[in-house]
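J.: The sequence shown lines up with residues 0 to 174 when you count with numbering that gives the first Met the number 0.
Using N, Cα and C, we set each Cβ at its ideal position, and we do this for glycine too.
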Amino acid sequence: MKQKKKVQEVEPLRPVDKYFAELDANFQDPTNRLIQVIFLPLLFFGIMGCIWMIPFPQFEFLVKLNWHTFLNWGSFFIAIVIYYYLKLSATLSYAILFSIGGMSFFIVQLEYAQKNGGPAVIWVCLGIALLAIVALFIGKGKEKTKITGQQFLQFLLVGPIWLWHFVFKKLNIRY
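Here's what the structure looks like:
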């Protein structure tokens, strides 16, 4: 009687896994990884804050429902980002949504500070975004491999969930 060989089926790589493998291959330097952990969320925060502060039209029906304070261009940005991440990995999109909730809280706090005579939110967020992008470029300069501008934009898009995937791997949570 012949024994059948067990064939181990290999799960096809999901697009998110392909992105993560490419990012892992292009970002190896430990100093650069630390820079990414610090400045990638700051860049996301800065961009989100800048989009948040773009004036949004005050529709009368929103004012009547008292929804005008909750709807702005940042709301649309958040919806698009969460949808994109949801298509890549539902579990990681929830982590990003949690992060976005915290960032939204700080943007609102900056708005309160601005109303009380503090600096304009747009300038604070723009400064944070510019500082973060410069730091990320400096960090990427430490790498042996060079990436194209398109790969860098892809990194900026997928980077936030890429950082969360390390947390999930460490906690042994499937994403």
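I believe G45 touches A128 by the beta-carbon criterion, under 8 Å. Please report the beta-carbon distance rounded to the nearest angstrom.
T.: Counted from its first residue, the sequence shown places residue 45 at position 46. Counted from its first residue, the sequence shown places residue 128 at position 129. G45 to A128, Cβ: 3 Å. Contact.
J.: Consult DSSP for L64 and reduce its assignment to one of helix, strand or coil.
T.: Sequence index remark: in the sequence shown, residue 64 carries index 65 (1-based). L64 sits in coil when the DSSP states are folded into three classes, being neither helix nor strand.
J.: Under 8 Å by Cβ, that's how I've got Q108 and N25 pegged, so tell me the actual separation to the nearest angstrom.
T.: On the sequence shown, position 109 is the one that residue 108 refers to. On the sequence shown, position 26 is the one that residue 25 refers to. The C-beta distance from Q108 to N25 rounds to 35 Å, too long to fall under 8 Å, and the pair is not in contact.
J.: What's the call for N115, buried or exposed, on a 16-neighbour Cβ count within 10 Å?
T.: Locating residue 115 in the sequence shown gives position 116, where the first residue counts as 1. Result: exposed.
J.: Take F19 and list the residues in its own chain whose beta-carbon comes closer than 7 Å to its own, dropping the five residues that flank it on each side.
T.: Here residue 19 corresponds to residue number 20 of the sequence shown, with the count starting at 1. For F19, where only same-chain residues beyond five positions count, the Cβ hits under 7 Å are W161 and H164.
J.: Output the residue ranges of the alpha helix (DSSP H) runs that lie fully inside the segment 31 to 106 and measure 4 residues or longer, sorted by chain position.
T.: Runs found: 59 to 63 and 72 to 87.
J.: Near L87, what residues of its chain come up, given a Cβ to Cβ distance below 7 Å and the 5 sequence neighbours on each side ignored?
T.: The count along the sequence shown starts at 1 and reaches residue 87 at position 88. Hits under 7 Å: P14, V15 and I160.
J.: Are the beta-carbon atoms belonging to Q27 and E110 less than 8 Å from one another?
T.: To locate residue 27, count along the sequence shown from 1; it is residue 28. To locate residue 110, count along the sequence shown from 1; it is residue 111. It is not a contact, given that the beta carbons lie outside the stated cut-off.
J.: Does the beta-carbon distance from L22 to F154 come in below 8 Å?
T.: Numbered from its first residue, the sequence shown carries residue 22 at position 23. Numbered from its first residue, the sequence shown carries residue 154 at position 155. A contact, by the Cβ cut-off of 8 Å.
J.: Quick check on the burial criterion: 16 or more other C-beta atoms within 10 angstroms. Buried or exposed for Q57?
T.: To locate residue 57, count along the sequence shown from 1; it is residue 58. Classification for Q57: exposed.
J.: Which whole-angstrom value describes the C-beta separation of G101 and Q35, a residue pair presumed to lie in contact below a C-beta threshold of 8 Å?
T.: The residue labelled residue 101 in the question sits at position 102 within the sequence shown. The residue labelled residue 35 in the question sits at position 36 within the sequence shown. Contact between G101 and Q35 is absent: CB atoms are separated by about 19 Å, not below the 8 Å threshold.
J.: Compare the Cα-Cα distances from Y174 to each of V80, Y93 and I81 and report the closest residue.
T.: Counted from its first residue, the sequence shown places residue 174 at position 175. Nearest C-alpha to Y174: Y93.
J.: What do you reckon, are the CB atoms on L42 and I132 nearer than 8 Å?
T.: Translated into the one-based positions of the sequence shown, residue 42 becomes position 43. Translated into the one-based positions of the sequence shown, residue 132 becomes position 133. In this structure, I132 lies closer than 8 Å to L42 by Cβ.
J.: Anyone know if the C-beta pair for I95 and F76 falls short of 8 Å?
T.: As a position in the sequence shown, residue 95 is number 96, starting the count at 1. As a position in the sequence shown, residue 76 is number 77, starting the count at 1. If you check the CB distance, I95 and F76 do not come in under 8 Å.
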